[in-house]
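Participant: With my numbering, the residue at position 321 of the sequence shown is 349, and numbering never jumps.
Below is one structure. I have some questions about it.
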Amino acid sequence: MADNEDPKERKSRGKSKEVCGYPLSIFFIVVNEFCERFSYYGMRAVLVLYFKYFLRWDDDLATSIYHTFVALCYLTPILGAIVADSWLGKFKTIIYLSIVYAIGQVAMAVSAIHDITDENRDGTPDNMTFHIAMSMVGLFLIALGTGGIKPCVAAFGGDQFNEHQDKQRSTFFSVFYLCINGGSLLSTIITPILRAQECGIHTQQKCYALAFGVPAALMVVSLVVFIAGSGMYHKPKPQGNIMLNVCKCIGFAVKNRYRHRSKQFPKRQHWMDWAEEKYEKLLIAQIKMVLKVLFLYIPLPMFWTLFDQKGSRWTLQATKMDGNFGLLVVQPDQMQTVNPILILTLVPIMDSVIYPLIKKCGLNFTPLKRMTVGMLLAATAFVCAALVQVEIDKTLPVFPSSSQSQLKILNMGNNIVSVSLPNNDPFNLAAAQATDKYFTFDTEQVTVSVGSPAVNNTVQLTKGERQTLLIPAMIDNDWLQIKDSKSKPEEGNNAIRFINGQINDVKVSSPAADFGVIKPSHYSNYSLVENGQITFILSSGAQSCQYSRDFGYGSSFTFFIPNDLVIGPNCQESITVITDIESNSVHMALQIPQYFFITAGEVMFSVTGLEFSYSQAPSNMKAVLQAGWLLTVAVGNFIVLIVAELAKLPMQWAEYVLFASLLLAVCIIFSIMAYFYTYIDPKEIEAQFKKTTDDDSDDDESKRCNKGTEMDNRNDNSDNDHHKSGKETNL
Numbered sequence: 029m030a031d032n033e034d035p036k037e038r039k040s041r042g043k044s045k046e047v048c049g050y051p052l053s054i055f056f057i058v059v060n061e062f063c064e065r066f067s068y069y070g071m072r073a074v075l076v077l078y079f080k081y082f083l084r085w086d087d088d089l090a091t092s093i094y095h096t097f098v099a100l101c102y103l104t105p106i107l108g109a110i111v112a113d114s115w116l117g118k119f120k121t122i123i124y125l126s127i128v129y130a131i132g133q134v135a136m137a138v139s140a141i142h143d144i145t146d147e148n149r150d151g152t153p154d155n156m157t158f159h160i161a162m163s164m165v166g167l168f169l170i171a172l173g174t175g176g177i178k179p180c181v182a183a184f185g186g187d188q189f190n191e192h193q194d195k196q197r198s199t200f201f202s203v204f205y206l207c208i209n210g211g212s213l214l215s216t217i218i219t220p221i222l223r224a225q226e227c228g229i230h231t232q233q234k235c236y237a238l239a240f241g242v243p244a245a246l247m248v249v250s251l252v253v254f255i256a257g258s259g260m261y262h263k264p265k266p267q268g269n270i271m272l273n274v275c276k277c278i279g280f281a282v283k284n285r286y287r288h289r290s291k292q293f294p295k296r297q298h299w300m301d302w303a304e305e306k307y308e309k310l311l312i313a314q315i316k317m318v319l320k321v322l323f324l325y326i327p328l329p330m331f332w333t334l335f336d337q338k339g340s341r342w343t344l345q346a347t348k349m350d351g352n353f354g355l356l357v358v359q360p361d362q363m364q365t366v367n368p369i370l371i372l373t374l375v376p377i378m379d380s381v382i383y384p385l386i387k388k389c390g391l392n393f394t395p396l397k398r399m400t401v402g403m404l405l406a407a408t409a410f411v412c413a414a415l416v417q418v419e420i421d422k423t424l425p426v427f428p429s430s431s432q433s434q435l436k437i438l439n440m441g442n443n444i445v446s447v448s449l450p451n452n453d454p455f456n457l458a459a460a461q462a463t464d465k466y467f468t469f470d471t472e473q474v475t476v477s478v479g480s481p482a483v484n485n486t487v488q489l490t491k492g493e494r495q496t497l498l499i500p501a502m503i504d505n506d507w508l509q510i511k512d513s514k515s516k517p518e519e520g521n522n523a524i525r526f527i528n529g530q531i532n533d534v535k536v537s538s539p540a541a542d543f544g545v546i547k548p549s550h551y552s553n554y555s556l557v558e559n560g561q562i563t564f565i566l567s568s569g570a571q572s573c574q575y576s577r578d579f580g581y582g583s584s585f586t587f588f589i590p591n592d593l594v595i596g597p598n599c600q601e602s603i604t605v606i607t608d609i610e611s612n613s614v615h616m617a618l619q620i621p622q623y624f625f626i627t628a629g630e631v632m633f634s635v636t637g638l639e640f641s642y643s644q645a646p647s648n649m650k651a652v653l654q655a656g657w658l659l660t661v662a663v664g665n666f667i668v669l670i671v672a673e674l675a676k677l678p679m680q681w682a683e684y685v686l687f688a689s690l691l692l693a694v695c696i697i698f699s700i701m702a703y704f705y706t707y708i709d710p711k712e713i714e715a716q717f718k719k720t721t722d723d724d725s726d727d728d729e730s731k732r733c734n735k736g737t738e739m740d741n742r743n744d745n746s747d748n749d750h751h752k753s754g755k756e757t758n759l
């Protein structure tokens, strides 16, 4: 509410249309916020997987771009606040930047349509430059839009209430916060489901276009709803930007201090006092209060460095885990829903149970102490993440390095054969079976001896690859080498292929994938299938049979059809299953403790930090501290990039431990700073300065009145003298 607002306008605001005591206009604002938050968090939930699986970036690059985007989203609120307060006003700023926002969301949806550049129709975009360029433009526009309107929407909603509606205004902000978390919760449930669907014009792929398209549609709805209420809004005019005034005052103080750096000039109590020549003492005192809090903000970005990794590193971690919860199958990006669910649960528990209980115990649990505990909880969350990662690493296969090769051997015959490999003990390999492990070699050529009498063959290996050597039933025939999977299948899918050991062609098909016709002693390519039970139909000539198997997450299997298999009513027990890569065996439920600790830390750190900032901020500079708070989030996301690039740790668990250690060190520094911080009452300090100003004004007014009285007396005396002299003259 502007101080110089027209009293008539203020009095009449919101009275024309009210519903249950609330201005009708706020319902449009609440719906607008819900749709906008759904749009933002829905897009962000699948973003890191889009980078990894659609744009084909590695984990580090996907994480870096993700955090760069989040950082930009928290830098642009400063720009939005300046534009709204100085030039356009909140209403026009929201409209214009929402249009930019919607265009960005549409650009993201278009960038995820693989058919646009898939000229050969193999399901993979042929011009990745187009998709990368579109996505980067889209993300920049989204960051500009969502950040720009962030400081405007809530404040614009508060502007709709009259002075007598304080209770309704308070309820509005509670509902507003609920909409933020409600939109976040629903979007992080729905958009991963949309992403998991398959869509496409020519080839079916994971539907990132739909996962981005629905948030884009919600953003358009958000804009339309907000515009629909235009005639009901109270639209305060821009009154000047306090942040700009603060920056000018600080700049003048620094400049003036530099000019008077000589020892001949007396020192002042505070460096901001050098601005007294140009600015009011009240403004300088308010800036001192702000700087005192901003100094405490210096260590805070480290908390956000850890917190925002739940959308990047933790989501990538979940792709290597088992998401089967029985009746419910959880996608890796859906695990983020644990955060808003816990927020909605923990906030009332903390406020109504934990904090009152601590107070009853006689402990002075100040806001800064709560924030310190919040940091410790976030560090604990990353220790939990490191422990989970250690368990995941135990289940991951050891893939060959760039200087190594790995080889597995499959006996396609009906008899046991003896096998001899360099630097390994001879072993017997059963009929229609493969070795249960890969043999690792540092050389590019190895000699393999099979059978008795031995048949020797020199096998050419490829560095950095896994291969399977097919030994035919007739050992003297040509041996075939095939490439195997050398990484976990994408998005928790399973990589499946068939090898035909029959003397006739075999066709293999299923609802999940069609493997086509496989020639004798040949193999199909890997096909990706989802988790669950899948039935494969094997047919040769007029005969066919079914083979069913349950699949988990992230596995790779080779199914061998032996030459003695009779294709008929039952072939379930006759297929040889060769495990190339084990299924994910670490359950996603193990991520719940780390989500609990990071969310508890968020409640104690973020919610308390906003409350602390509000209580310690001068009345006209709460927006300045809000901008400073958002800036700590942006800096925290940049720290992720710096630490990840400098550390270059080979093991992911070690990176988690590093971040936890850094936050612990920062927490100690912050606790020391908090110990020496003295809480203030900004209203009391402002009142003292205003009283001093009023007293000075009263003194000035009194002096002016005294001077006026003296002048009046002089005038009266002059008139009397003149009157007297006049009488004398007349006489």
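Glycine is no exception: its CB is placed at the ideal position from the N, C-alpha and C atoms.
Given the structure is predicted, the values throughout are model-derived calculations rather than measurements.
#1: Excluding the 5 residues preceding and the 5 following Tyr50 in the sequence, name in chain order all residues of the same chain whose CB lies nearer than 6 Å to its CB.
#2: Under 8 Å, do Ile589 and Val661 count as touching if we go by C-beta distance?
#3: What do you get for Asp542, buried or exposed, if any count of 16 or more other CB atoms within 10 angstroms of its CB means buried?
#4: Quick one: Cα of Glu519 to Cα of Trp342, how far?
#5: What's the C-alpha gap between Met271 and Gly108?
#6: Cα-Cα, which of Ile122, Thr706, Asp301 is closest to Ser258?
#7: Per DSSP, what kind of secondary structure is His550 in: helix, strand or coil?
#8: Whole angstroms is fine: what's the gap from Val545's alpha carbon to Ile609's?
#9: Three or more C-beta pairs under 8 Å: does that hold for the stretch 669 to 680 against the stretch 353 to 369?
#10: Comparing C-alpha positions only, which one of Leu498, His262, Glu493 sits nearest to Asn485?
#11: Within the same chain, show all residues whose beta-carbon is closer than 8 Å to that of Ser538, passing over the 5 residues directly before and after it, in chain order.
#12: If contacts are defined as beta-carbon pairs under 8 Å, then Ala406 and Gly629 qualify, I think. What distance do you get, rounded to the angstrom?
#13: Whole angstroms are fine: how far does the CA of Tyr94 sit from the CA of Asp301?
#14: Take Ser613 and list the residues in its own chain whose beta-carbon comes closer than 6 Å to its own, dropping the five residues that flank it on each side.
#15: So which of Asn273, Val274, Ala303 has the shortest CA-CA distance to Tyr286?
#16: On the three-state DSSP scale, how would you describe Thr770?
#17: From Leu385 to Asn392, what distance separates their C-alpha atoms?
#18: Ends of the beta strand (DSSP E) at Val357?
#19: Indicate the three-state DSSP secondary structure (helix, strand or coil) for Arg341 in the structure shown.
#20: To the nearest angstrom, how far is it from the Cα of Gln297 to the Cα of Val694?
#21: Tell me which residues share the same chain as Leu692 and place their Cβ nearer than 6 Å to its Cβ, disregarding the 5 neighbours each side in the sequence.
#22: Within its chain, find whatever has a CB closer than 8 Å to the CB of Lys650; leave out the 5 residues flanking it on each side and keep chain order.
#23: Measure from the alpha carbon of Ser568 to the alpha carbon of each residue in Gln337, Gly596, Ala130, then state which is nearest.
#24: Is Trp115 buried or exposed, if buried means 16 or more other CB atoms sit within 10 Å of its CB?
#25: Can you tell me whether DSSP reads Ala458 as helix, strand or coil?
#26: Does the Cβ of Cys48 have 16 or more other Cβ atoms within 10 Å, making it buried, or fewer, making it exposed?
#27: Using 7 Å as the cut-off, classify the Cβ of Ile499 as near or not near the heavy atoms of the ligand GTP, replying yes or no.
#28: For Ala183, I'd like the list of residues in its chain whose CB is within less than 7 Å of its CB, leaving aside the five on either flank, ordered along the chain.
#29: Let me check one thing: in DSSP terms, what residues is Gly544 bridge-paired to?
#30: Which residues share a DSSP beta bridge with Ala655?
#31: Tell me the start and end of each unbroken alpha helix (DSSP H) in the stretch 585 to 634 that is at least 4 residues and wholly inside, in chain order.
#32: Closest by CA to Ser583, which one among Ile708, Pro425, Asn532?
#33: Should Cys389 be labelled buried (16 or more other beta-carbon atoms within 10 Å of its own) or exposed?
#34: Could you spell out the range, first to last residue, of the beta strand (DSSP E) harbouring Phe82?
#35: Does the Cβ-Cβ distance between Leu100 and Gly173 come in under 8 Å?
#36: Need the endpoints of the alpha helix (DSSP H) that Leu761 sits in, please.
Facilitator: Quick answer:
#1: Counting only Cβ-Cβ distances below 6 Å, and skipping sequence neighbours, we find Gln196.
#2: no
#3: exposed
#4: 14 Å
#5: Straight-line Cα distance between these residues: approximately 12 Å.
#6: Ile122
#7: coil
#8: 25 Å
#9: no
#10: Per the Cα distances, Leu498.
#11: Excluding positions up to five away in sequence, the list reads Val557, Ile562, Thr563, Phe564, Ile565.
#12: 4 Å
#13: 43 Å
#14: Thr423
#15: Per the Cα distances, Ala303.
#16: Any question about residue 770 goes unanswered here, given that the chain covers just 29 to 759.
#17: 11 Å
#18: Element bounds for Val357: n/a, residue is neither H nor E.
#19: helix
#20: 30 Å
#21: The residues are Ala407.
#22: Ser641, Tyr642
#23: Gly596
#24: exposed
#25: coil
#26: exposed
#27: Questions concerning the ligand GTP fall outside what the structure shown contains, since it holds no ligand whatsoever.
#28: Lys118
#29: Val536
#30: Bridge partners of Ala655: none, in fact.
#31: 620 to 630
#32: Pro425
#33: Residue environment analysis places Cys389 among the exposed positions, since fewer than 16 neighbouring C-beta atoms fall within 10 angstroms of its C-beta.
#34: Looking at the DSSP string, Phe82 is not in any beta strand (DSSP E), and its letter there is neither H nor E.
#35: No, these two residues do not count as a Cβ contact at 8 Å.
#36: Here the chain covers residues 29 to 759 and nothing more, so residue 761 does not appear.
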